[in-house]
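In what follows, a single structure is set out as structure tokens and then discussed.
In the working numbering, the protein residues as written are 31 to 130.
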């Protein structure tokens, strides 16, 4: 998952598994993201791609992209007015006003 291009001259064999240094990664689905080496080398569920886990949002995992029929009923995010269905993953905990 080490992103050779974005990490430049730094290679995986030159870093320690427990390091807090933030580097770039690419998951098997092609999501590019930054995360510390320590987080990526954990064996618990907290490691891995934040896009695949729904912690970060982009065009591949947004509510608008995955469930457009539901996103079309979105009126306004009550918690953050600037948020749209493109900014949240399915299953998020934001309170939303929906069109009936």
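Glycine included, C-beta positions come from ideal geometry on N, C-alpha and C. Here the structure is a predicted model, which is why all the values come from computation and not from measurement.
TODO: Tell me, to the nearest whole angstrom, how far the beta carbon of residue 113 is from that of residue 107; I am working on the premise that it is less than 8 angstroms.
DONE: 4 angstroms
Open item on the list: Taking 8 angstroms as the limit between beta carbons, can you name the residues of its chain near residue 124, skipping five residues before and five after?
Closed with: 107, 108, 109, 110, 113, 118
TODO: Tell me where the beta strand (DSSP E) around residue 56 begins and ends.
DONE: 52-56
Task: Exposed unless 16 or more other CB atoms sit within 10 angstroms - verdict on residue 80 - done: buried
Task: Bridge partners - residue 65, DSSP secondary structure assignment - done: 53
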